[in-house]
Amino acid sequence: MKDLIDRLFTLGLGIAAVSKEQADKIIDELVEKGNMAKTEATDIIDELMKKGKEAQEKWETTVEERINQAVQESKLVSRQEFEELKKRVEALEEKLLNKDNE
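Note that the UniProt record's numbering has the sequence shown beginning at 1, numbered continuously upward.
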């Protein structure tokens with residue numbers, strides 16, 4: 001599950017990187033043609049990157065919430081619950097071994 005999330009996240013970053021490169025290219029063309037000042041272009045890119053980051057954070061939060069909801073609904077145990085159960089089983093095994101040795 002985590003691998004899937006990591007791959008989706010990486011895909012999102014890849015798309016964002018491509019989009020920034022494309023935005024830079026378009027901005028450079030506009031500056032070259034005199035349709036836009038370089039400072040104005042930089043401000044636009046900064047704003048686009050800010051909005052992109054906000055959207056990415058919102059998407060990550062939504063994905064995490066959905067995964068947590070799916071895990072809860074599927075009645076899977078958490079890592080913490082698993083570790084607690086494992087410790088209890090080990091303690092019971094130890095008691096049984098000590099009882100057999102008496």
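Beta carbons are placed, not taken as given, at the ideal position from N, Cα and C, and that holds for glycine.
Limits of the alpha helix (DSSP H) - the one that residue i falls within
i: Leu-76; result: Counting along the chain, Leu-76 falls outside any alpha helix (DSSP H), and DSSP gives it neither H nor E.
Three-state secondary structure (DSSP) of residue i
i: Lys-33; result: coil
i: Leu-4; result: Bear in mind that a pLDDT of 48 at Leu-4, under 50, signals an unreliable position, so the model cannot answer this.
Cα-Cα separation, residue i to residue j
i: Gln-72; j: Ile-45; result: 40 Å
i: Glu-93; j: Asp-100; result: 11 Å
i: Leu-4; j: Ala-70; result: Reliability fails at Leu-4, whose pLDDT of 48 lies under 50, so the model's placement of it is uncertain and no value is given.
i: residue 129; j: Lys-53; result: Residue coverage of the chain in this structure runs from 1 to 102, which leaves residue 129 outside it and unanswerable.
i: Gln-56; j: Asn-68; result: 18 Å
i: Met-1; j: Lys-87; result: Legend: pLDDT at Met-1 = 44, less than 50; position of this residue unreliable, no value from coordinates given.
i: Gln-80; j: Glu-47; result: 41 Å
i: residue 115; j: Leu-97; result: The question about residue 115 has no answer here: the residues shown for the chain are numbered 1 through 102.
Anticipated Cβ contact below 8 Å, residue i with residue j, distance rounded
i: Val-31; j: Lys-38; result: 5 Å
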